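Student:
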Amino acid sequence: MRTSRTRAPFHALRSGAISLVVVLLAAGAHVVGGGTLPAVPVLLALVALTALVATLATRFKLNLVFMAGLLGAGQLALHEAFTALGPIKATGPAANHHLGAESLSPGMEIAAAHTHELGTAFGTLMLVGHVIATLASAVILTKGEEALWQLAAWLRPLLALPALVFRPDAGASPVAVGAPDVFIPRPWRNLRQDSRRGPPAVVVLP
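As numbered in the numbering used here, the sequence shown has no gaps in its residue numbers, which increase by one up to the final residue, 359.
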């Protein structure tokens, strides 16, 4: 992960892609493993929390190691949240007649069931496939991250605002500060006042 003094490019697109991949992989693995997703309001709250974490993380340029760690940690946290906040299934019709034998911690029983599933061949195969899918998603997202940063570096000079340069009109002449309003001829440019040329208006003959 490398920091950058410039503003992170395509921030909403990058954070949205990462949060979407995390939620889809975690929900898919949870459902395939036999779990049940929580209610819609709880699920939306978890999605919003995931998007917030992804928004904070995408303020920087993410490399492959950090991307894989972010995806793995996000899926693990969501899986635990799905397990703890998911609906509790009844074990059988006789469960209503034996309230005294009801477990006080159903979340622990669900977690134990998921732990038992990991010991089977199907659980191991599912775990390996999930890890491969996470690594593949991390590679794809990292390539997209590099492409978006390169695109932003290419577009930044084109989108820069041009500097405004003020140029006076061609016919306007700059006026010096403090110049007198009355015209005073310069001695080296006009040695005498302008006079009318031509014959005199009246000729006096002797």
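The beta-carbon is built from N, C-alpha and C at its ideal position, and this holds for glycine as well.
Source: prediction; values computed, not measured.
Considering only C-alpha positions, which residue in the set 281, 196, 211 is nearest to residue 240?
Tutor: For this step, residue 240 is matched to residue 87 along the sequence shown. That would be 196, whose Cα lies nearest to the Cα of residue 240.
Student: Taking C-beta to C-beta, are residue 201 and residue 190 nearer than 8 Å?
Tutor: For this step, residue 201 is matched to residue 48 along the sequence shown. For this step, residue 190 is matched to residue 37 along the sequence shown. No.
Student: Could you give the residue range of the alpha helix (DSSP H) that holds residue 312?
Tutor: Along the sequence shown, read from residue 1 onward, the residue named residue 312 stands at position 159. Where residue 312 is concerned, the enclosing alpha helix (DSSP H) stretches over 274-312.
Student: Quick check: what's the CA-CA separation for residue 168 versus residue 274?
Tutor: For this step, residue 168 is matched to residue 15 along the sequence shown. For this step, residue 274 is matched to residue 121 along the sequence shown. Roughly 35 Å between the two C-alpha positions.
Student: Nearest-angstrom Cα distance between residue 301 and residue 164?
Tutor: Taking the first residue of the sequence shown as 1, we reach residue 301 at position 148. Taking the first residue of the sequence shown as 1, we reach residue 164 at position 11. Approximately 10 Å, taken between the alpha carbons.
Student: With hydrogens ignored, establish whether the beta-carbon of residue 166 is closer than 7 Å to any heavy atom of the ligand COA.
Tutor: In terms of ligand content, the structure shown is empty, and the ligand COA therefore cannot be addressed.
Student: Do residue 175 and residue 209 have their CB atoms nearer than 8 Å?
Tutor: For the purposes of this step, residue 175 is identified with residue 22 of the sequence shown, where counting begins at 1. For the purposes of this step, residue 209 is identified with residue 56 of the sequence shown, where counting begins at 1. No, these two residues do not count as a Cβ contact at 8 Å.
Student: Return the CA-CA distance between residue 173 and residue 238, expressed in angstroms with no decimal places.
Tutor: Residue numbering aside, residue 173 sits at position 20 when the sequence shown is read from its first letter. Residue numbering aside, residue 238 sits at position 85 when the sequence shown is read from its first letter. Taking the straight line joining both Cα atoms gives about 20 Å.
Student: What are the boundary residues of the alpha helix (DSSP H) that residue 186 is part of?
Tutor: To locate residue 186, count along the sequence shown from 1; it is residue 33. Counting along the chain, residue 186 falls outside any alpha helix (DSSP H), and DSSP gives it neither H nor E.
Student: So the alpha helix (DSSP H) residue 229 belongs to, where does it begin and stop?
Tutor: Reading the sequence shown from its first residue, position 76 is the one you call residue 229. Run containing residue 229: 217-238, per the alpha helix (DSSP H) assignment.
Student: Please classify residue 171 as buried or exposed, where buried requires at least 16 other C-beta atoms within 10 Å of its C-beta.
Tutor: The sequence position of residue 171 within the sequence shown is 18, counting from 1. Per the 10 Å Cβ criterion, buried.
Student: In angstroms, rounded to a whole number, what distance separates the CA positions of residue 218 and residue 203?
Tutor: Here residue 218 refers to the residue found at position 65 when the sequence shown is read from its first residue. Here residue 203 refers to the residue found at position 50 when the sequence shown is read from its first residue. Rounded to the nearest angstrom, the two C-alpha atoms are 19 Å apart.
Student: Nearest to residue 234 by CA position, among 213, 291, 199, 224, is which residue?
Tutor: Numbered from its first residue, the sequence shown carries residue 234 at position 81. Out of 213, 291, 199, 224, 199 has the C-alpha closest to the C-alpha of residue 234.
Student: Roughly how many angstroms lie between the CA atoms of residue 223 and residue 312, to the nearest whole one?
Tutor: For the purposes of this step, residue 223 is identified with residue 70 of the sequence shown, where counting begins at 1. For the purposes of this step, residue 312 is identified with residue 159 of the sequence shown, where counting begins at 1. Approximately 32 Å between the Cα atoms of the pair.
Student: May I have the straight-line CA-CA distance separating residue 216 from residue 186, to the nearest angstrom?
Tutor: What you label residue 216 is simply residue 63 of the sequence shown in a count that begins at 1. What you label residue 186 is simply residue 33 of the sequence shown in a count that begins at 1. The alpha-carbon atoms of residue 216 and residue 186 are separated by roughly 30 Å.
Student: Are the Cβ atoms of residue 286 and residue 166 separated by less than 8 Å?
Tutor: As a working note, residue 286 is residue 133 in the sequence shown. As a working note, residue 166 is residue 13 in the sequence shown. For residue 286 and residue 166, no; Cβs fall outside 8 Å.
Student: Hey, residue 365 and residue 221 are a contact pair by Cβ (cut 8 Å); roughly how many whole angstroms apart?
Tutor: Because the chain in this structure spans residues 154 to 359, residue 365 falls outside the shown range and cannot be described.
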